[in-house]
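Beneath this line is the structure, given in structure tokens, with notes to follow.
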Amino acid sequence: MAKEYKLTQEALKKLQEELVYLKNTREHEVAEQLKEARSFGDLSENSEYEAAKDEQGKLYSRIAEVQFMLDNYVLVDEAPADGETVRIGSKVKVYDLEFEEESEYEIVVSQEADLLNNRISEESPFGKALLGQKVGEEVLVEAPAGVVRFRILAVE
Numbered sequence: 010m011a012k013e014y015k016l017t018q019e020a021l022k023k024l025q026e027e028l029v030y031l032k033n034t035r036e037h038e039v040a041e042q043l044k045e046a047r048s049f050g051d052l053s054e055n056s057e058y059e060a061a062k063d064e065q066g067k068l069y070s071r072i073a074e075v076q077f078m079l080d081n082y083v084l085v086d087e088a089p090a091d092g093e094t095v096r097i098g099s100k101v102k103v104y105d106l107e108f109e110e111e112s113e114y115e116i117v118v119s120q121e122a123d124l125l126n127n128r129i130s131e132e133s134p135f136g137k138a139l140l141g142q143k144v145g146e147e148v149l150v151e152a153p154a155g156v157v158r159f160r161i162l163a164v165e
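At position 82 of the sequence shown the residue is numbered 91 (the working numbering), and the sequence of numbers has no breaks.
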């Protein structure tokens with residue numbers, strides 16, 4: 010059985026748009042690069058041709074990856090949050106009990122994860138530990154450095 014990819018409506022739309030772009034625009038651009046590189050002559054010593062072939066391989070790999078995700082996705086329920094329980098789509102304010110610091114994260118599906126913007130995957134250890142928990146509860150997260158303790162301060 011193929012892996013199922015959890016997608017929000019927004020992530021699904023982005024993947025569909027990306028696939029259209031890759032097939033309709035990017036594929037033609039890469040074909041033009043190949044055509045131009047071939048015109049330079051001897052293909053055995055043509056670095057432009059090799060670079061274009063590499064780009065074509067990456068493109069077809071990404072097309073296959075996106076198509077596979079679109080063929081094997083499950084739409085995530087995006088019901089409004091109750092303000093108490095952490096779920097996908099929730100913004101969670103937590104307090105690190107060891108370092109005495111507050112942080113805020115958004116719980117998202119793995120395809121939307123972006124740690125630089127505090128968007129963490131529901132499949133990550135931290136995301137898994139937070140899901141289903143309520144405001145005021147203490148959460149233990151298994152980390153490489155050991156167990157880290159957080160208290161949930163707010164859920165939006």
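Even for Gly, the Cβ is constructed at its ideal location relative to N, Cα and C.
| Check | Outcome |
| --- | --- |
| From G50, E45, E74, A154, residue whose alpha carbon lies closest to that of A61 | E45 |
| Coil, strand or helix - D123 by DSSP | strand |
| Reduced DSSP category for S115 - H, G, I as helix; E, B as strand; rest coil | The question names Ser, but residue 115 in the sequence shown is Glu. Correct three-state label for E115: strand. |
| Proximity below 8 Å, CB of I116 to CB of E132 | no |
| Residue span of the alpha helix (DSSP H) that contains K137, given as start and end | 134–139 |
| Nearest to Y114 (by Cα), restricted to the options E121, T94, G155, N127 | N127 |
| Cβ-Cβ separation, E93 to V144 (assumed contact under 8 Å), whole Å | 5 Å |
| Y14 burial status per 10 Å Cβ neighbour count (16 or more: buried) | buried |
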